[in-house]
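K.L.:
For the record, in the sequence shown the residue sitting at position 87 is 1323 according to my numbering, with numbers rising by one throughout.
Note that the Cβ used here is the ideal one computed from N, Cα and C, for glycine as well.
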Amino acid sequence: MNRRIPRLGIALLAAAAVSAHADVLVTSFETSPVISGTPDNPPYLSVGQSSAWASEGNNSLAISFDGSGGWKWIYVAGDTDGNNYFPAATYADWYNHTRLEFDVYRPALNYGWNLEVGAAINGPQGWNQQAGLIGWTWQNAGDDSLTTVTWDYSAIRNSAPAPGGSDWWQLALFARTTTAGGGMAYIDNVRFVEAVPEPTAMGLLLLAGSAGWLGRRRRVS
């Protein structure tokens, strides 16, 4: 008789061979964020840390901008390094995940207005820019909104070099509106999600053992 492990059993063994990296918080702006130079006016009237709203911790990055529709990059760095880049350990975190997420809150105004939010990453993975993460989304007068922005960077990650111990990377953000009165937005809880699975020792042993058992059963059946 030719006995076989049920397909469900094989699937369970395969699942046991990987473990996922947990989501990683990049920054929640608990210390004042590093801005690349003085915020340009226009388009930004002010940029900085704020306790007026937060989705993680007690603070967020607050951006007040005019209605010119222009934009400049705002470079955001780690909470303590004082530079406009993130250190090596966070590049490994970036490499071990496939999506960047952050929350964008827009408080209510007495007029309707639109918003575009974009981002870029730079470092060993090269410069990669993604506009339209929020693509000119309209908000009515008197309404507020909370949006979780997701950037699937898996294609960039798949061609990026593996962590080498001395890596760094940058995150650049921009927001703009073409509404005459301008607008205000808060950005917070920047995080890596959707982990790249990694093999576990126990899982690999289980797979190796099951493969050997199957081979032996085929020879004696």
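1. Tell me, please, whether the segment 1326-1334 touches the segment 1398-1417 by the rule of three or more beta-carbon pairs shorter than 8 Å.
2. Under three-state DSSP, which class holds N1320?
3. Should the segment 1407-1416 be regarded as contacting the segment 1347-1363, the criterion being three or more beta carbon pairs within less than 8 Å?
4. Look up Y1327 in the DSSP assignment and say whether it is helix, strand or coil.
5. Under 8 Å Cβ to Cβ from N1346, same chain only, skipping five residues before and after it: list those, please.
6. Hey, how far is the Cα of T1415 from the Cα of W1372?
7. Along the chain, where does the alpha helix (DSSP H) that runs through S1390 open and close?
8. First and last residue of the beta strand (DSSP E) that includes Y1347?
9. Of the residues T1267, W1289, L1297 and W1309, which one's Cα is nearest the Cα of N1277?
10. Starting from the C-beta of P1343, find all residues in its chain whose C-beta is less than 7 Å away, skip the five residues before and the five after it, and write them out in chain order.
P.N.:
Let me spell this out:
1. yes
2. coil
3. yes
4. helix
5. A1377 and G1378
6. 11 Å
7. S1390 to N1394
8. It is not in any beta strand (DSSP E) - Y1347 carries neither H nor E in the DSSP assignment.
9. W1309
10. D1380 and M1420
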